[in-house]
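**Q**
There are 2 protein chains.
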Amino acid sequence: MPQDPDALRELVEAFLGELPFDGVLEPLAAPMRHSLGGKRVRPVLALAVGEALGADTATVLPAAAAVELVHSFSLVHDDLPSLDNDTERRGRPTVWAAHGEATAILTGDALLGEAMRLALTYDTPAVARELVDATLAMIGGQQLDLEGGHDLHRLHELKTGALFRAAVMCGGLAAGLGVSEEAPWRAFAGELGVLFQAVDDILDGDGFVLEVGADETRKVAESAGERAQARLAEIDADTSVLATIVAGLVARTH
Amino acid sequence: MPQDPDALRELVEAFLGELPFDGVLEPLAAPMRHSLGGKRVRPVLALAVGEALGADTATVLPAAAAVELVHSFSLVHDDLPSLDNDTERRGRPTVWAAHGEATAILTGDALLGEAMRLALTYDTPAVARELVDATLAMIGGQQLDLEGGHDLHRLHELKTGALFRAAVMCGGLAAGLGVSEEAPWRAFAGELGVLFQAVDDILDGDGFVLEVGADETRKVAESAGERAQARLAEIDADTSVLATIVAGLVARTH
Numbered sequence: 004m005p006q007d008p009d010a011l012r013e014l015v016e017a018f019l020g021e022l023p024f025d026g027v028l029e030p031l032a033a034p035m036r037h038s039l040g041g042k043r044v045r046p047v048l049a050l051a052v053g054e055a056l057g058a059d060t061a062t063v064l065p066a067a068a069a070v071e072l073v074h075s076f077s078l079v080h081d082d083l084p085s086l087d088n089d090t091e092r093r094g095r096p097t098v099w100a101a102h103g104e105a106t107a108i109l110t111g112d113a114l115l116g117e118a119m120r121l122a123l124t125y126d127t128p129a130v131a132r133e134l135v136d137a138t139l140a141m142i143g144g145q146q147l148d149l150e151g152g153h154d155l156h157r158l159h160e161l162k163t164g165a166l167f168r169a170a171v172m173c174g175g176l177a178a179g180l181g182v183s184e185e186a187p188w189r190a191f192a193g194e195l196g197v198l199f200q201a202v203d204d205i206l207d208g209d210g211f212v213l214e215v216g217a218d219e220t221r222k223v224a225e226s227a228g229e230r231a232q233a234r235l236a237e238i239d240a241d242t243s244v245l246a247t248i249v250a251g252l253v254a255r256t257h
Numbered sequence: 004m005p006q007d008p009d010a011l012r013e014l015v016e017a018f019l020g021e022l023p024f025d026g027v028l029e030p031l032a033a034p035m036r037h038s039l040g041g042k043r044v045r046p047v048l049a050l051a052v053g054e055a056l057g058a059d060t061a062t063v064l065p066a067a068a069a070v071e072l073v074h075s076f077s078l079v080h081d082d083l084p085s086l087d088n089d090t091e092r093r094g095r096p097t098v099w100a101a102h103g104e105a106t107a108i109l110t111g112d113a114l115l116g117e118a119m120r121l122a123l124t125y126d127t128p129a130v131a132r133e134l135v136d137a138t139l140a141m142i143g144g145q146q147l148d149l150e151g152g153h154d155l156h157r158l159h160e161l162k163t164g165a166l167f168r169a170a171v172m173c174g175g176l177a178a179g180l181g182v183s184e185e186a187p188w189r190a191f192a193g194e195l196g197v198l199f200q201a202v203d204d205i206l207d208g209d210g211f212v213l214e215v216g217a218d219e220t221r222k223v224a225e226s227a228g229e230r231a232q233a234r235l236a237e238i239d240a241d242t243s244v245l246a247t248i249v250a251g252l253v254a255r256t257h
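Those protein sequences? They're chains H and D, same order as listed. Mapping of the first sequence onto the numbering used here: position 52 corresponds to residue 55, and the numbering continues sequentially without gaps. Mapping of the second sequence onto the numbering used here: position 183 corresponds to residue 186, and the numbering continues sequentially without gaps.
1) Between H/Asp239 and D/Ala131, what straight-line distance do the alpha-carbon atoms span, to the nearest angstrom?
2) Assuming D/Ala68 contacts D/Ala177 (C-beta within less than 8 Å), just tell me the rounded distance between them.
3) For H/Gly174, tell me which candidate among H/Ala100, H/Arg221, H/Leu121 and H/Arg255 has the shortest Cα-Cα distance.
4) In the structure shown, what three-state DSSP assignment does H/Arg43 receive?
5) State the start and end residues of the unbroken alpha helix (DSSP H) segment that holds D/Ser75.
6) Step through the CB atoms of chain D and report whether any lies within less than 8 Å of the CB of H/Pro128.
7) Compute the Euclidean distance between the alpha carbons of D/Pro23 and H/Gly193, then round it to the nearest angstrom.
8) Taking DSSP as the reference, what is the three-state secondary structure of H/Pro96?
9) List the endpoints of the continuous alpha helix (DSSP H) containing D/Glu16.
10) What are the residues in the stretch 105 to 128 of chain D lying within 8 Å of chain H by C-beta distance?
11) Which full runs of the alpha helix (DSSP H) of 4+ residues lie inside the stretch 188 to 244 of chain H, going along the chain?
12) Is the CB of H/Ala224 under 8 Å away from at least one CB in chain D?
13) How about D/Gln200: is its C-beta nearer than 8 Å to some C-beta of chain H?
14) So, does the CB of D/Glu258 fall closer than 8 Å to a CB anywhere in chain H?
15) Using a C-beta to C-beta distance shorter than 8 Å, which residues of chain D count as neighbours of H/Pro30?
16) What is the C-beta distance between H/Ala224 and H/Leu198, in whole angstroms, given that I count them as a contact (C-beta under 8 Å)?
17) If I follow the unbroken alpha helix (DSSP H) through H/Arg132, where does it start and stop?
18) Closer than 9 Å, Cβ to any Cβ of chain D: which residues of the stretch 65 to 86 of chain H, in chain order?
19) Between which two residues does the alpha helix (DSSP H) containing H/Val171 stretch?
20) Who are the neighbours of D/Leu158 on chain H, taking C-beta pairs under 7 Å?
21) Can you list the residues of chain H that D/Arg132 reaches, using a CB-CB cut of under 7 Å?
22) For the alpha helix (DSSP H) holding H/His153, just list the boundary residues, first then last.
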C-alpha cells in the first residue's frame, strides 16, 4: 500500500535530518543543515515514483535526498550577493547572510558533492548520471538568466524542469526501472516543471504572469496538470499517490 | 610501451581542448575554457597509472580530464573575492576578474558538474565515487583554511593530497583495477600530496617553509619522493614512467 505524500515527507525529513555531514564535511555541517529547509516537493515525488514501482522507501531515500541536496545547492549559490543578492529565504537569513559569503560558496559546493555521493551509493551509475545532467542544465540556465533576454520557457525548462525530471527518473532508477521502461515516466516527468513553475509564478506574481497575465498562467498550469495526469494514467503501476501529488501541485497556495 | 610524460600531457591537452562544453553548458563555455590552464600534473599521473596497468590512454582520458576539471573547479572558486581574492593566475586574469563574480561561481559549479559527468561515463561508479570523495575533502579543507588555526599537514592532506590520491586511483579504476589490487596503488598515491605540496611551498616560500624552514621542507619533499619510489617498486606493473613523474615532482622548479 503506497504511503500518502505527508508520510513520505516525514520520511524525507527524517533521512535529511540524520545525514551526518561528518568527517571532511564537519566544518560545513552547520551551514549545510541551515540550507535544508523547504517543502520537499522533489524528494517526495522521487519516493512516490519508487513506491509506485514497488520499491521500499529505504531503497529510494538516498536518491530522493540527493535530488533535494542539488535543489539546496542551487538556492545557496543563487542567493549569493553577486547573483540574486537575497538575504532571506523561508523567513530565515540565507546561508551567506548567516555564515558569510565564502562559507556559503563552499556550502553550495559541499551540497552538490554530497548529493553526488548519495546518488553514487547505488550499484548503477544511472541515478548519478540523471542527477548530474539536471545539475548542468540548472547551472547553464542560471547563466542564461544572468545574461537576460532569453526565452522564459527555455529558462524554466533548464532552471526548474530539469530537476523535476531528475526527481522522477532518479526515484525510478533507484527503484530498478529498466531502460526499456523509462519512456512513459520521462513523458510524465516532462510535464511537471512547467506545472510547478507556472503555479510558482502565479504565487509570486512574476515570470509567466508578467508575460501573459495570471489567468493565462493559470491555464498553463491546469493544462500541464491534465497532461501529467493523462501520462500517469498510461503507466502500468499504482500511480494513485502520484496523482494526488500532481493535483496538489496544481492547487497549491504557497 | 608506455608513453613519456610529455606525450601524455599532449594527449590531455588535446582531450581537454576538444571537450565541447555545448548544449546546456554553451553559455559557460568561454569561462570554462579560460579556467583550464596549468601543468596537467594530475591528469598526466592518471594516464600514466592507466598505462602502467596496460590500458589504452583513450580509456583513461575521461577520468584524467575529470580530475583536472575538479582541480580547475577548486581554483575558480578559491580565487573569488570572498575567498582568496586573486585577480591573476598563471599570468592571466582569474575567471572572476575576466567574467565577473556571478559567472565565476557558476563556472566553478559547471566544472564540477562536468567532471562528474565525465567520471560517470564508465560502466562502474567507482571512478566517480573516488572523485567525489576527493572533492568533498577539498571543500572541507578549504573551509578549515578559511577558519584558520588548523594543522598544516591536515590542510595539505585535504586540499592537495586528496586529489592526488584521486588522480592515481581514478586512473587505475578507469583502467579496470580491481578492489583486491587497490592497496599498493593507494599506498603510492598517499605519498604524492605531501611531495607536491612541500615543493609548492618551497617554490612559493609559504606553508611548510614558514613553519619549518626551506631546508627542512626540502627534506620532507625528498623523503616523500623516496617513499613514493619505494611504493612504486612494490607494484607488479611497468611503473617506469611513474618513476620519472615522481622524480620530476621532486625536482620541479615552477
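All C-beta atoms, glycine included, are put in the ideal place defined by N, C-alpha and C.
**A** The answer reads as follows:
1) 33 Å
2) 11 Å between Cβ atoms; not a contact.
3) H/Leu121
4) H/Arg43 carries a coil assignment under DSSP once its states are collapsed to helix, strand and coil.
5) Thr60 to Asp81
6) yes
7) 26 Å
8) strand
9) Pro8 to Glu21
10) So the list reads Ala105, Thr106, Ile108, Leu109, Gly111, Asp112, Ala113, Leu115, Gly116, Glu117, Met119, Arg120, Leu123, Tyr125, Asp126, Thr127 and Pro128, given in the order they occur along the chain.
11) 211 to 215 and 217 to 236
12) no
13) No, no contact with chain H.
14) Lying before the first or after the last residue shown, residue 258 of chain D is absent from chain D, which here runs from 4 to 257.
15) Gly143, Gln146, Leu147 and Glu150
16) 6 Å
17) Ala129 to Glu150
18) Phe76, Ser77, His80, Leu83, Pro84, Ser85 and Leu86
19) DSSP places H/Val171 in the uninterrupted alpha helix (DSSP H) bounded by Ala165 to Ala177.
20) Close to D/Leu158, with beta-carbon spacing below 7 Å, lies no residue of chain H; the smallest spacing is near 11 Å.
21) Leu123
22) No alpha helix (DSSP H) holds H/His153; DSSP gives it neither H nor E.
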